[in-house]
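Enquirer: With full-length UniProt numbering applied, the sequence shown corresponds to residues 1 to 737, in that order.
C-beta: ideal position from N, C-alpha, C; glycine also.
Here it is, the structure, as structure tokens.
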Amino acid sequence: EVYFKNLSKQKQKEVMEKNANNHKLRVCVATCNRADYSKLAPIMFGIKAEPQFFELDVVVLGSHLIDDYGNTYRMIEQDDFDIHTRLHTIVRGEDEAAMVESVGLALVKLPDVLNRLKPDIMIVHGDRFDALALATSAALMNIRILHIEGGEVSGTIDDSIRHAITKLAHYHVCCTRSAEQHLIAMCEDHDRILLAGCPSYDKLLSAKNKDYMSIIRMWLGEDVKTRDYIVALQHPVTTDIKHSIKMFELTLDALISFNKRTLVLFPNVDAGDKEMVRVMRKKGIEHHPNFRAVKHVPFDQFIQLVAHAGCMIGNSSCGVREVGAFGTPVINLGTRQTGRETGENVLHVRDADTQDKILHALQLQFGKQYPCSKIYGDGNAVPRILKFLKSIDLKEPLQKKFCFPPVKDNISQDIDHILETQSALAVDLGGTNLRVAIVSMKGEIVKKYTQLNPKTYEDRLELILKMCVEAASEAVTVNCRILGVGISTGGRVNPREGIVLHSTKLIQEWSSVDLRTPISDALHLPVWVDNDGNCAALAERKFGHGKGIENFVTLITGTGIGGGIVHQHELIHGSSFCAAELGHIVVSLDGPECLCGSQGCIEAYASGIALQREAKRLHDEDLLLVEGMSMKKEEVVSAAHLIQAAKLGNTKADNILRTAGTALGLGVVNILHTVNPSLVILSGVLASHYVNAVKEVINRQALSSVKTVDVVVSNLADPALLGAASLVLDYTTRRIY
1 EVYFKNLSKQ
11 KQKEVMEKNA
21 NNHKLRVCVA
31 TCNRADYSKL
41 APIMFGIKAE
51 PQFFELDVVV
61 LGSHLIDDYG
71 NTYRMIEQDD
81 FDIHTRLHTI
91 VRGEDEAAMV
101 ESVGLALVKL
111 PDVLNRLKPD
121 IMIVHGDRFD
131 ALALATSAAL
141 MNIRILHIEG
151 GEVSGTIDDS
161 IRHAITKLAH
171 YHVCCTRSAE
181 QHLIAMCEDH
191 DRILLAGCPS
201 YDKLLSAKNK
211 DYMSIIRMWL
221 GEDVKTRDYI
231 VALQHPVTTD
241 IKHSIKMFEL
251 TLDALISFNK
261 RTLVLFPNVD
271 AGDKEMVRVM
281 RKKGIEHHPN
291 FRAVKHVPFD
301 QFIQLVAHAG
311 CMIGNSSCGV
321 REVGAFGTPV
331 INLGTRQTGR
341 ETGENVLHVR
351 DADTQDKILH
361 ALQLQFGKQY
371 PCSKIYGDGN
381 AVPRILKFLK
391 SIDLKEPLQK
401 KFCFPPVKDN
411 ISQDIDHILE
421 TQSALAVDLG
431 GTNLRVAIVS
441 MKGEIVKKYT
451 QLNPKTYEDR
461 LELILKMCVE
471 AASEAVTVNC
481 RILGVGISTG
491 GRVNPREGIV
501 LHSTKLIQEW
511 SSVDLRTPIS
521 DALHLPVWVD
531 NDGNCAALAE
541 RKFGHGKGIE
551 NFVTLITGTG
561 IGGGIVHQHE
571 LIHGSSFCAA
581 ELGHIVVSLD
591 GPECLCGSQG
601 CIEAYASGIA
611 LQREAKRLHD
621 EDLLLVEGMS
631 MKKEEVVSAA
641 HLIQAAKLGN
651 TKADNILRTA
661 GTALGLGVVN
671 ILHTVNPSLV
681 ILSGVLASHY
691 VNAVKEVINR
701 QALSSVKTVD
711 VVVSNLADPA
721 LLGAASLVLD
731 YTTRRIY
């Protein structure tokens, strides 16, 4: 492997020397709109700075030349680039046909330009319909194409256009490891793929120290403070224009209600853009005191505006890509960016029927500060791209070749190995023990640590931090990459904030406790916290019987009774994070007292504590032990003794277990009649003792329409730890709201 790497480096050096001796590489950069220029400009500056290697020709077309979109070709002139050709290619219209006609017009005009320029290579960016016309023209005229940002996944028609350009392009510059793997899987030659990062990050990562207050005041007013305004940028979704217009209306309504100063940028040139502008004017956005509506903001200034905003909202790729470099909160609306890799700062609102959901998202996100994300670049993309351009051998055959099978053997092995070692730190905070484990993506517990749970808050938190730090250090030695920390704990939990609101009586001094902040600060990792019942449901969804099931319920039968409800593949938390407190479903008005203070709860009948109570009562009355049983004098009576007695023929013990099973079964019937799941999973140490009783009660008491439900016993060895790990493994790169 080292030999071939050295050989490749030597070949690259020879090609660079040969190109330097022969002639300069003539590069044509074609830019269509303000967004792609922000990515192409750093490359253009780099090419211009090395005239001994390159000749640069700039072609401007698309919305750059339209007054309604700010005549943004002027910023190219202000950057001191000579524009060789201006092509008016946009056909005015408000439907999909106008986009098709624009592509056709560009195809008619481009051949003459390319014949005159005769570039060695054309640089094309992204996934716009204008870019497809550029790539098609260059490919048919035997001009080599370098495609920027191929291999990414977003949504709508953009995906199809991006992948079509990939098939036409000869060379590829991608921004993320996933994009690189997608290109390889699409049969592109790995030697012609450069993982460089996003060129705009070269400017982003050095931008935040500049004077920004004058820029903020210029665009939003003199009285605006940092982190106290919103930037909104929303485009039509061409595959569902009507719905995207409706969502834009709801967004503006929510922003008006939220009552913060907001900078609204006009949408891209797409089918539906004029209708969005009409919506803005109908709602008076251009004259509203809280809003500033603009056609264009220069990229240098736009960087400062989003870097210091309280929030960015919309469906622009800028929100899920560039803004992560500053840790600014982002609300991504709709499906236009579905599939994009995102940092922790992005909150997704996939669909909205009213403004309330968007308003709630604004309340959650506004003013927060997230860790800076470098998913899309490290600030060194342009030097890599220039080196890549210099290595291109113009004497190589122009006809591109596709690689079958789609992934080279050595690359496949490397990537699979990385995927296998992606892991989570799982923490299970029980009433007796505190457990921490390293859990792999496949659900394997690589290493586990157990300590007695301290009684006081300070000692408990100190021990959690100590065990997590130890496990994180150990992860390196077992070749595991920790993606984050998931914590499973008893009681009521606010998973959005990572706070334990109220704990169970088994875990004292554990209310209104912020677990996320101290652990995240100590480990520099994202932290998720949830109730142990919900974690058990997540474990089943990812690793157990619930995998692929749309609606199911998990019931934990252990020391207490808990559970989690998964509806339409999503966990239900409830308005006050109290959903799925299944142990406190009342099945008798005059039943035994529960730890919650009520009477007749399932937990008062069927939990381990309830069975232990009944076992102790029988033992005190000398009615527990039967032939074949014995107990030491100092031995504590437990639920296990009651179960053993029932198996050996103790009718009183058997009746207690039957009553417990019936109570649990009645609770399950109530659940079936309320949420109608297709599967009920019994988990915990008592599950196997209750499963038949639960099935009998369902058959006897449930409505006929729900009697067909499957009731199974969990096959997971450690649902608490696996559920805590699932919090991390499911949501490390994306949070879904």
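Which residues does DSSP list as the beta-bridge partners of I499?
Expert: Translated into positions along the sequence shown, residue 499 becomes position 499. I499 pairs with N494, D514.
Enquirer: Straight-line CA distance for K225 to R217?
Expert: Locating residue 225 in the sequence shown gives position 225, counting from the first residue. Locating residue 217 in the sequence shown gives position 217, counting from the first residue. Between K225 and R217, the C-alpha separation is close to 9 Å.
Enquirer: Among the residues of its own chain, which have a CB less than 6 Å from the CB of D409, if the five just before and after it don't count?
Expert: Indexing the sequence shown from 1 puts residue 409 at position 409. Any reading at D409 is ruled out, since the residue's pLDDT is 43, under 50, leaving its predicted position unreliable.
Enquirer: How should R74 be labelled, buried or exposed, when 16 other C-beta atoms within 10 angstroms of its C-beta is the threshold for buried?
Expert: Translated into the one-based positions of the sequence shown, residue 74 becomes position 74. R74 is exposed by the Cβ-count criterion.
Enquirer: What did DSSP end up calling Y690 once you bin it into helix, strand or coil?
Expert: As a first step, residue 690 must be located in the sequence shown, where it is residue number 690. DSSP places Y690 in helix when its eight states are reduced to three.
Enquirer: Do you know offhand how far R278's Cα is from V330's?
Expert: Counting from 1 along the sequence shown, the entry for residue 278 is found at position 278. Counting from 1 along the sequence shown, the entry for residue 330 is found at position 330. Each residue's Cα considered, the two are about 25 Å apart.
Enquirer: How many whole angstroms separate the CB atoms of P677 and V553, which I take to be in contact at a CB cut-off of 8 Å?
Expert: Locating residue 677 in the sequence shown gives position 677, counting from the first residue. Locating residue 553 in the sequence shown gives position 553, counting from the first residue. In this structure P677 is in contact with V553, their Cβ atoms being roughly 5 Å apart against a cut-off of 8 Å.
Enquirer: Check whether the Cβ atoms of S607 and I561 lie closer than 9 Å to each other.
Expert: Within the sequence shown, numbered from 1, the residue matching residue 607 stands at position 607. Within the sequence shown, numbered from 1, the residue matching residue 561 stands at position 561. Yes. Within cutoff.
Enquirer: Determine the DSSP secondary structure at D718, reduced to helix, strand or coil.
Expert: For the purposes of this step, residue 718 is taken as residue 718 along the sequence shown, with counting starting at 1. D718: coil per DSSP, three-state reduction.
Enquirer: Assuming D67 and H84 form a contact by the criterion Cβ under 8 Å, report the distance between their Cβ atoms to the nearest whole angstrom.
Expert: Counting from 1 along the sequence shown, the entry for residue 67 is found at position 67. Counting from 1 along the sequence shown, the entry for residue 84 is found at position 84. So it is not a contact: roughly 22 Å between Cβ atoms.
Enquirer: Near L168, what residues of its chain come up, given a Cβ to Cβ distance below 7 Å and the 5 sequence neighbours on each side ignored?
Expert: To locate residue 168, count along the sequence shown from 1; it is residue 168. A135, T136, A139, I145.
Enquirer: Assign M186 to one of three DSSP states: helix, strand, or coil.
Expert: Within the sequence shown, numbered from 1, the residue matching residue 186 stands at position 186. In the displayed model, M186 falls within coil according to three-state DSSP, outside both helix and strand.
Enquirer: Could you work out which residue in L666, E614, L555, V697 is closest to V685 when comparing CA atoms only?
Expert: Here the question's residue 685 lines up with position 685 in the sequence shown. Considering only alpha carbons, the answer is L555.
Enquirer: Taking the beta carbon of K455 as the centre, do at least 16 other beta carbons fall within 10 Å, making it buried, or is it exposed?
Expert: Position 455 of the sequence shown, counted from the start, is the residue given in the question as residue 455. The residue is exposed, with fewer than 16 neighbouring Cβ atoms inside 10 Å.
Enquirer: Are S63 and R340 close, meaning C-beta to C-beta below 9 Å?
Expert: Here residue 63 refers to the residue found at position 63 when the sequence shown is read from its first residue. Here residue 340 refers to the residue found at position 340 when the sequence shown is read from its first residue. Not in contact: S63 and R340 (Cβ atoms no closer than 9 Å).
Enquirer: Among the residues of its own chain, which have a CB less than 6 Å from the CB of P526, if the five just before and after it don't count?
Expert: Here residue 526 corresponds to residue number 526 of the sequence shown, with the count starting at 1. Closer than 6 Å at Cβ, skipping near neighbours: E344, G484.
Enquirer: For the region 14–100, list the beta strand (DSSP E) runs that are entirely contained and at least 3 residues long, ordered along the chain.
Expert: Fully contained in the region 14–100 are the following beta strand (DSSP E) runs of length 3 or more, in chain order: 25–31, 54–61, 83–87.
Enquirer: What alpha helix (DSSP H) runs, 4 residues minimum, are completely inside the region 357–445?
Expert: 381–390, 409–421
Enquirer: How is F4 classed by DSSP in three states: helix, strand or coil?
Expert: Along the sequence shown, read from residue 1 onward, the residue named residue 4 stands at position 4. Low confidence applies here, because F4 scores a pLDDT of 44, under 50, leaving its location unreliable and the question unanswered by this model.
Enquirer: Would you call P42 buried or exposed, if buried means 16 or more other Cβ atoms sit within 10 Å of its Cβ?
Expert: Stepping through the sequence shown from its first residue, residue 42 is reached at position 42. Buried is the call here.
Enquirer: Nearest to V59 by alpha carbon, out of I392, M122, I256?
Expert: Taking the first residue of the sequence shown as position 1, residue 59 is located at position 59. Of the listed residues, the one whose Cα sits closest to V59 is M122.
Enquirer: Going by CA-CA distance only, name the one from V500, K203, R613, A522 that's closest to L515.
Expert: In the sequence shown, residue 515 corresponds to position 515, counting from 1. Cα-wise, what sits closest to L515 is V500.
Enquirer: When burial is assigned at 16 or more other CB atoms within 10 Å of the CB, is D414 buried or exposed?
Expert: Here residue 414 refers to the residue found at position 414 of the sequence shown. Residue placement at D414 is flagged as unreliable, the pLDDT there being 48, under the threshold of 50; the coordinate-derived value follows with that caveat. Looking at its Cβ environment, which holds fewer than 16 other Cβ atoms inside 10 Å, D414 is exposed.
Enquirer: In chain order, which alpha helix (DSSP H) runs of at least 4 residues are fully inside the region 569–648?
Expert: 602–606, 608–620, 639–647
Enquirer: Buried or exposed: which applies to V691, given that a residue is buried once 16 or more other Cβ atoms fall within 10 Å of its Cβ?
Expert: Within the sequence shown, residue 691 is the residue found at index 691, counting from 1. Flag for V691 reads buried.
Enquirer: With a floor of 4 residues, list each alpha helix (DSSP H) that falls wholly inside the region 263–332, ordered by position along the chain.
Expert: Every alpha helix (DSSP H) stretch that sits fully inside the region 263–332 and reaches 4 residues is listed by chain position as 273–282, 299–307, 317–320.
Enquirer: Measuring straight from C-alpha to C-alpha, what distance separates R734 and E458?
Expert: Translated into the one-based positions of the sequence shown, residue 734 becomes position 734. Translated into the one-based positions of the sequence shown, residue 458 becomes position 458. With a pLDDT of only 47 at R734, under 50, the local geometry of the prediction cannot be trusted, and the value read off the model is given with reservation. Approximately 32 Å between the Cα atoms of the pair.
Enquirer: What three-state label does DSSP hand M213 in the structure shown?
Expert: Stepping through the sequence shown from its first residue, residue 213 is reached at position 213. In the structure shown, M213 sits in a helix (DSSP, three-state: H, G or I).
Enquirer: Rank K447, V709, N315 by C-alpha distance to the C-alpha of D718 and give the top, closest one.
Expert: Numbered from 1 along the sequence shown, position 718 holds the residue referred to as residue 718. Closest option to D718, Cα to Cα, is K447.
Enquirer: I'd like the list of long-range same chain contacts for Y731, defined as Cβ closer than 7 Å, with 5 residues on each side in sequence excluded.
Expert: What you label residue 731 is simply residue 731 of the sequence shown in a count that begins at 1. For Y731, where only same-chain residues beyond five positions count, the Cβ hits under 7 Å are W528.
Enquirer: Specify, as a first and last residue, the run of the alpha helix (DSSP H) that L461 falls within.
Expert: As a working mapping, residue 461 is identified with position 461 in the sequence shown. Per DSSP, L461 belongs to the alpha helix (DSSP H) from 457–477.
Enquirer: Could you give the uninterrupted runs of the alpha helix (DSSP H) lying entirely in the region 141–180, keeping only those of 4 residues or more?
Expert: 156–168
Enquirer: Under 8 Å by Cβ, that's how I've got A179 and S488 pegged, so tell me the actual separation to the nearest angstrom.
Expert: Residue numbering aside, residue 179 sits at position 179 when the sequence shown is read from its first letter. Residue numbering aside, residue 488 sits at position 488 when the sequence shown is read from its first letter. The pair is not a contact, with the Cβ atoms about 34 Å apart (cut-off 8 Å).
Enquirer: With respect to the beta strand (DSSP E) encompassing L555, which residues constitute its N-terminal and C-terminal limits?
Expert: What you label residue 555 is simply residue 555 of the sequence shown in a count that begins at 1. Taken as a continuous stretch (DSSP letters only), the beta strand (DSSP E) holding L555 covers 552–557.
Enquirer: Please classify Q234: does DSSP put it in a helix, a strand, or coil?
Expert: In the sequence shown, residue 234 corresponds to position 234, counting from 1. Three-state DSSP puts Q234 in coil, outside helix and strand.
Enquirer: Helix, strand or coil for K242 per DSSP?
Expert: Taking the first residue of the sequence shown as 1, we reach residue 242 at position 242. Helix.
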